[in-house]
Amino acid sequence: MSTPGEYYRSFPPVSKTYGVACLMTTAAFYLDLYNPENIALFYDDVFKRFQIWRLITNFFFLGPFSFPFAFRLIIIAKYGVSLERGPFDQRTADFVWMLFFGALSLLGMAAVPVLWSPFMGVSLVFMIVYIWGREFPNARISIYGLVSLKGFYLPWAMLALDLIFGNPLKPDILGIVAGHIYYFLTVLHPLAGGKYVFKTPRFVHKLVAFWGEGKQLNSPFQSDPSAGVAFRGRSYRLSGGGGRRQTPPATGGSPAATTGEQQQGNAAEGIAFRGRSYRLDTHTNAST
Numbered sequence: 001m002s003t004p005g006e007y008y009r010s011f012p013p014v015s016k017t018y019g020v021a022c023l024m025t026t027a028a029f030y031l032d033l034y035n036p037e038n039i040a041l042f043y044d045d046v047f048k049r050f051q052i053w054r055l056i057t058n059f060f061f062l063g064p065f066s067f068p069f070a071f072r073l074i075i076i077a078k079y080g081v082s083l084e085r086g087p088f089d090q091r092t093a094d095f096v097w098m099l100f101f102g103a104l105s106l107l108g109m110a111a112v113p114v115l116w117s118p119f120m121g122v123s124l125v126f127m128i129v130y131i132w133g134r135e136f137p138n139a140r141i142s143i144y145g146l147v148s149l150k151g152f153y154l155p156w157a158m159l160a161l162d163l164i165f166g167n168p169l170k171p172d173i174l175g176i177v178a179g180h181i182y183y184f185l186t187v188l189h190p191l192a193g194g195k196y197v198f199k200t201p202r203f204v205h206k207l208v209a210f211w212g213e214g215k216q217l218n219s220p221f222q223s224d225p226s227a228g229v230a231f232r233g234r235s236y237r238l239s240g241g242g243g244r245r246q247t248p249p250a251t252g253g254s255p256a257a258t259t260g261e262q263q264q265g266n267a268a269e270g271i272a273f274r275g276r277s278y279r280l281d282t283h284t285n286a287s288t
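Residue numbers (full-length UniProt numbering): 1 to 288.
Following this line, the structure appears as structure tokens:
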């Protein structure tokens, strides 16, 4: 049986980071470390007071501690992890870009007053549910042990549950719209014969490489560039030293001295030993 620490480390990096960030954001709220209005999405504050952080922080508040909050964390831990380990396996940058694109789409929709919401994290989580349902349409799932259905119908079933429980439907619908736009551009349109132009930007690849977590098979950047540069530099210096050891001495020495120098150079004694051998050879010739 794995320990809690091992279970935590077994999660893929992106879903784990986003889930922990949402949990810590709500925990900090209960510790009175901030006012939720300071991280909510208000475009007037963004453009007039340059509070740019609101474009990001609003996605990390999933509401106060409650059953809906716990359910949203379970969605990240179950369906987000399933996507990251399944269709996005060894495609960390592509998974990060999926979340980035979803957030950008939701921010664009929130610019319409009737679609605006102070916290868009619920919609982003529901986008994960929608994409999971499209990627695993035939997976069998059970809702509260009462209803069994295919994965394709999961977002619609959760939408119906929110309607029954009296929860707002707008965040769910916005998440479905954002998820469908992404799935259409990356899967449906290319399968229909359209050109695939929705590639993960280079800055996302660079961000993931700098982060050093996960793996992207087609990444144009090295995951740990500092380690590679240090190793190449050290190898270059050793190669340069080896080349100097194999350089023959200046003209005027005897063949025997040259052979002796090469053997002593192969003994890895370095330039100082070759110089000493050359001086001994010169001294011998002078004595003779």
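Beta carbons are placed, not taken as given, at the ideal position from N, Cα and C, and that holds for glycine.
Reference residue i, options the options, closest by Cα
i      : options                       : result
ASN218 : ALA93, GLY5, VAL20            : ALA93
TYR8   : PHE29, ILE143, GLY121, VAL81  : VAL81
PHE119 : TRP132, LEU174, LYS206        : LEU174
LEU107 : ALA178, PHE203, ILE141        : ALA178
THR26  : GLY145, PRO64, TYR43, LEU161  : PRO64
ALA28  : ARG49, ILE52, THR57, PRO113   : THR57
THR17  : LEU146, PRO137, LEU99         : LEU99
ALA110 : GLY151, GLY145, ASP44         : ASP44
PRO201 : ARG49, GLY194, TRP156, GLN216 : GLN216
PHE203 : PHE221, LYS195, GLY194        : PHE221
Cα-Cα separation between residue i and residue j, rounded to whole angstroms
i      : j      : result
LEU159 : ASP172 : 7 Å
LEU73  : PRO190 : 32 Å
SER66  : GLY214 : 31 Å
LEU23  : PRO168 : 21 Å
THR186 : TYR79  : 19 Å
GLY102 : VAL20  : 19 Å
GLY133 : ALA70  : 20 Å
ALA139 : HIS205 : 31 Å
ILE39  : PHE210 : 26 Å
PRO137 : TYR130 : 10 Å
LEU115 : PHE50  : 22 Å
GLY5   : TYR30  : 25 Å
VAL112 : ILE52  : 18 Å
Residue j beta carbon less than 8 Å from that of residue i
i           : j      : result
LEU55       : VAL46  : yes
PHE126      : ILE176 : yes
LEU83       : ILE128 : yes
VAL197      : VAL96  : no
residue 289 : GLU37  : Nothing about residue 289 can be reported from this structure: the residues present for the chain run from 1 to 288 only.
LEU41       : GLY121 : no
SER15       : ILE76  : yes
ILE164      : LEU154 : no
Reduced DSSP category for residue i - H, G, I as helix; E, B as strand; rest coil
i      : result
SER105 : helix
LYS150 : strand
ARG9   : helix
ARG202 : helix
SER123 : helix
ILE173 : helix
SER142 : strand
ARG49  : coil
Supposed contact pair residue j and residue i - C-beta distance, whole angstroms, cut 8 Å
i      : j      : result
ARG91  : PRO12  : Actually they do not touch by this definition, with Cβ atoms about 11 Å apart.
LEU124 : PHE59  : 6 Å
SER117 : LYS170 : 7 Å
ALA157 : LEU146 : No, ALA157 and LEU146 are not in contact; Cβ-Cβ is about 11 Å, not under 8 Å.
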